[in-house]
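Novice: Here's a structure for you.
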Amino acid sequence: MRISFPSPAPTLGDDIEEALRSVAQELGYSREQLLRVIVREWLEQNAYLPVLDQNDEGEADGNP
70 MRISFPSPAP
80 TLGDDIEEAL
90 RSVAQELGYS
100 REQLLRVIVR
110 EWLEQNAYLP
120 VLDQNDEGEA
130 DGNP
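In my numbering, the protein residues as written are 70 to 133.
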């Protein structure tokens, strides 16, 4: 089953949006890029996604 999300993304509350803007600006990411990184890292840390390593050529290899 595929879940669709409304676009544009809903706001997460003023305090969270301000924190996202601050971190995104600091790292040079867009809001969407930062949210993607945050969600991916959470999913990897909680074993919902395999952890990906970057090799020298920039290709991702799955970690067993």
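The beta-carbon is built from N, C-alpha and C at its ideal position, and this holds for glycine as well.
(1) At what residue ranges does the region 74 to 123 contain a whole run of the beta strand (DSSP E), taking only runs of 3 or more?
(2) If I measure Cβ to Cβ from LEU103 and keep anything under 8 Å in the same chain, skipping five residues before and after, which residues do I get?
(3) Cα separation between GLU86 and ARG100?
(4) Could you check the C-alpha separation between ASP122 and ILE107 for me, to the nearest Å?
Specialist: For this structure:
(1) 121 to 123
(2) Here residue 103 is taken as the residue at index 34 of the sequence shown, counted from 1. Contacts found: LEU89, VAL92, ALA93, LEU96.
(3) Reading the sequence shown from its first residue, position 17 is the one you call residue 86. Reading the sequence shown from its first residue, position 31 is the one you call residue 100. The alpha-carbon atoms of GLU86 and ARG100 are separated by roughly 9 Å.
(4) Sequence index remark: in the sequence shown, residue 122 carries index 53 (1-based). Sequence index remark: in the sequence shown, residue 107 carries index 38 (1-based). ASP122 and ILE107 have their alpha carbons spaced roughly 16 Å apart.
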